[in-house]
Every structure is written in C-alpha cells, then in structure tokens.
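Position 273 of the sequence shown, counting from 1, maps to 298 under the numbering used here, and the rest follow consecutively. Cβ coordinates follow ideal geometry from the N, Cα and C atoms, glycine included.
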Amino acid sequence: MKTKDLTGYRVVAVHAHPDDETLFMGGTLATLAARGAEVTVITLTLGEDGEVIGEPYQGLADHDQLGGFRARELANALEALGVKGIQLGGFGHFRDSGMAGSPSHENPRVLVNRIDEAADFLSDEFEVIEPHAILTYGPDGGYGHPDHIAVHKAVMKAASPSVRIWYGIFERSANYAGLETLDAPAGWTKPSQEYLDNFTNEGADVTVALSSAALDAKRRAMRAHASQIWLADGSTTRTNPTAAVAALHEPERVPGAFGLSNLLVMPLLPAEYFQLGQGEPADDLLGGL
26 MKTKDLTGYR
36 VVAVHAHPDD
46 ETLFMGGTLA
56 TLAARGAEVT
66 VITLTLGEDG
76 EVIGEPYQGL
86 ADHDQLGGFR
96 ARELANALEA
106 LGVKGIQLGG
116 FGHFRDSGMA
126 GSPSHENPRV
136 LVNRIDEAAD
146 FLSDEFEVIE
156 PHAILTYGPD
166 GGYGHPDHIA
176 VHKAVMKAAS
186 PSVRIWYGIF
196 ERSANYAGLE
206 TLDAPAGWTK
216 PSQEYLDNFT
226 NEGADVTVAL
236 SSAALDAKRR
246 AMRAHASQIW
256 LADGSTTRTN
266 PTAAVAALHE
276 PERVPGAFGL
286 SNLLVMPLLP
296 AEYFQLGQGE
306 PADDLLGGL
C-alpha cells in the first residue's frame with residue numbers, strides 16, 4: 026500500500042447514530058484517512074433512544090440524557106479513526122426515532138418524520154464537500170432500523186446522480202463463518218439464524234481487508250462507544266467496568282468478538298464489506314475516480 030496515495034480524494038460516510046460509523050465501516054474509514062483521503066462522517070441523530078451497557082450510566086437512558094453522552098463517545102471514536110465529523114443540522118436537531126413500532130415515531134422531531142429536511146441539509150453538505158464517494162446504508166438500512174432506512178432515502182435524494190455510492194453491509198457468509206470460530210463469553214449467547222439473516226446481507230461487491238493498524242483503530246473506536254459496544258477481549262471501561270472474554274479458536278481469521286446490549290456475540294472480522302448502490306462498478310471504493 027502506498028503511503029498517502031489517496032491524497033485529494035474526498036469520502037463522506039452518512040450514518041444515523043453514533044457507533045454506526047464504527048460498526049459498519051470503522052476500519053475502512055481509518056484506512057482511507059491513513060492513505061490521505063479527506064474522510065468526513067455525517068451523523069444525523071444522537072442515538073437518544075438507545076440502551077446503555079454497563080451499570081454506572083443506566084440513568085442516562087432512564088432520564089433522556091443519553092444523547093449528549095453519545096455525542097462525546099462519537100467525538101472520541103472519530104478521533105480514533107482519524108476522520109472529521111459533522112452533526113447534521115447541529116447537535117440534537119434530528120432526534121433518534123427508535124426501533125420499528127416505537128412510540129418515539131409520534132414525535133415530530135424524530136428523523137423518520139423529517140426525511141426531506143434531512144435530504145436538504147445533506148445536499149448542502151455534499152455541495153460544499155464534493156465527495157468522490159459516499160458510504161451509507163442500503164434500502165433495508167442494513168437490518169431494518171427505521172433511522173437507517175431514513176438515512177438511505179435522504180442520501181439518495183440529496184446525492185448527485187454522478188457520485189458513486191456504496192452500501193456498507195454485515196456480510197452474511199463471513200459472519201456465519203466467523204461465529205463458528207468462537208465461543209460466547211459467560212452470560213452471552215450466539216445469535217439465532219433468524220437474527221443473523223436479518224442483521225446481515227449476502228454478497229459484497231467490494232471487500233476491504235483491514236490492516237493491523239486499521240483493525241486497532243476500529244477497536245479503539247469501538248471502545249470509545251462503550252455505552253453501546255462491548256468488546257469481548259477482557260478490557261473494561263469507566264462506562265462498563267465488567268469484563269467479558271470470548272474464546273477465539275482461530276484468531277488469525279477472526280481476531281476478536283463483541284456484543285451490543287442484547288449480549289449476542291458477533292465476530293470482529295478483519296475485513297469490511299460493501300455493495301454498489303450507485304455508479305460504475307469498481308474493484309475498490311475509489312477505483313477509476
């Protein structure tokens with residue numbers, strides 16, 4: 026890999042909540058930035074409706090204080106990845122809509138009720154940045170989250186027809202294979218086939234292999250999102266002082282594991298996966314641009 030060989034390229038990643046940028050494509054963003062690309066993550070909400078991992082900060086969700094906490098987590102994660110950040114419309118402008126069927130959908134401030142407005146804001150940002158490529162979610166939002174689907178719709182409305190768009194995915198076969206190489210930490214379980222099939226997508230147009238440096242950056246970003254992501258490597262944080270350890274039987278293939286608040290173990294893979302959403306096919310995210 027050439028050092029700084031992507032200088033002059035501009036990439037924008039658009040995500041619904043703090044932590045999505047890291048889970049879907051953190052290693053890729055770190056790789057692009059390390060190679061000289063100008064990488065900007067645009068986040069639309071503060072994830073106010075999320076759950077909290079770890080006992081010390083449970084009250085944040087109970088008293089609607091989680092958004093500000095996650096804003097700081099996001100800033101720390103973006104620093105770990107070496108990328109810029111924009112909060113669309115300013116902090117708190119678009120509110121987290123919650124999961125499908127959530128009573129939060131009745132709030133006029135939530136993202137799912139303001140897709141056209143979000144598209145207008147994104148259009149303004151794209152006009153200023155002039156990205157060569159945009160990374161976001163596919164039409165299903167990756168796994169059906171209403172805010173992810175709203176982001177997809179807003180991006181597709183805002184983006185120029187000439188810009189290349191990639192959808193970050195959790196690739197199904199890779200995750201199934203990865204789960205076979207590990208055992209869940211005590212008190213955790215492996216996800217069901219139904220969960221995995223909803224959480225993943227089959228088939229990638231581009232696979233981005235992660236170097237050890239990129240994987241380390243992704244781990245640091247995951248640890249920054251400690252209220253949302255639990256690394257199963259024995260480490261602890263101030264937010265979550267409880268350690269969990271997954272047994273890794275093939276660490277060269279699957280170098281780690283993590284979970285969310287549902288305590289379903291997932292493999293931390295040494296690659297990230299993308300499907301082409303718009304533009305000419307290419308062998309890599311910026312190929313031919």
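Short of 7 Å from the beta carbon of ARG139, and not among the five residues preceding or following it, lie these beta carbons of its own chain, in chain order: PHE119. Taking C-beta separations shorter than 7 Å and ignoring five residues to either side along the sequence, the partners of THR53 in its chain run VAL233, GLU297, following chain order. For PHE116, there is no enclosing beta strand (DSSP E), as DSSP marks it with neither H nor E. By the C-beta density criterion, ARG244 is buried, having at least 16 other C-beta atoms within 10 angstroms. In the three-state reduction of the DSSP assignment, HIS40 falls in the strand class. If one requires a minimum length of 4 residues, the alpha helix (DSSP H) runs lying completely within the region 208-281 are 218-224, 237-249, in chain order. Residue pairing by DSSP places LEU289 opposite THR214 in a beta bridge. Nearest Cα to ASN223 within the set ASP145, GLY166, ALA86: GLY166. Using a Cβ distance threshold of 9 Å, ARG97 and GLY72 do not count as a contacting pair. The three-state reading of DSSP puts LYS109 in strand, counting E and B together. For ALA296, the enclosing beta strand (DSSP E) begins and ends at 296-303. By the C-beta criterion, the region 205-215 is judged not to be in contact with the region 75-87, since fewer than 3 inter-stretch pairs fall below 8 Å.
About 12 Å separates the CB atoms of LEU106 and ALA62; that is not less than 8 Å, and the two are not in contact.
ALA158 has its alpha-carbon roughly 24 Å from the corresponding atom of VAL137.
The beta-carbon separation of VAL108 and THR65, rounded to 7 Å, stays under the 8 Å limit for a contact. Runs of the alpha helix (DSSP H) spanning 4 or more residues and lying entirely within the region 115-154 occur at 140-154, in chain order. Beta-bridge partners of THR161 (DSSP): TYR192. Secondary structure at THR47: helix, using DSSP grouped into helix, strand and coil. Where ILE174 is concerned, the enclosing alpha helix (DSSP H) starts and stops at 171-183. In the three-state reduction of the DSSP assignment, THR56 falls in the helix class. In the DSSP assignment, GLU73 falls outside any beta strand (DSSP E), carrying neither H nor E. Shown here for PHE283: same chain residues with a beta carbon closer than 8 Å to its own, the five before and five after excluded, namely MET247, ILE254, TRP255, LEU256, ALA257, VAL290, MET291, LEU293 in chain order. Annotated as distal: HIS130 and ALA41, with beta-carbon spacing of 9 Å or more. Under the DSSP assignment, SER198 falls in the alpha helix (DSSP H) whose first and last residues are 197-204.
Setting aside the 5 residues that flank it on each side, ALA179 is surrounded in the same chain by ILE140, ALA143, ALA144, LEU147, each with a C-beta closer than 6 Å to its C-beta; the list follows chain order.
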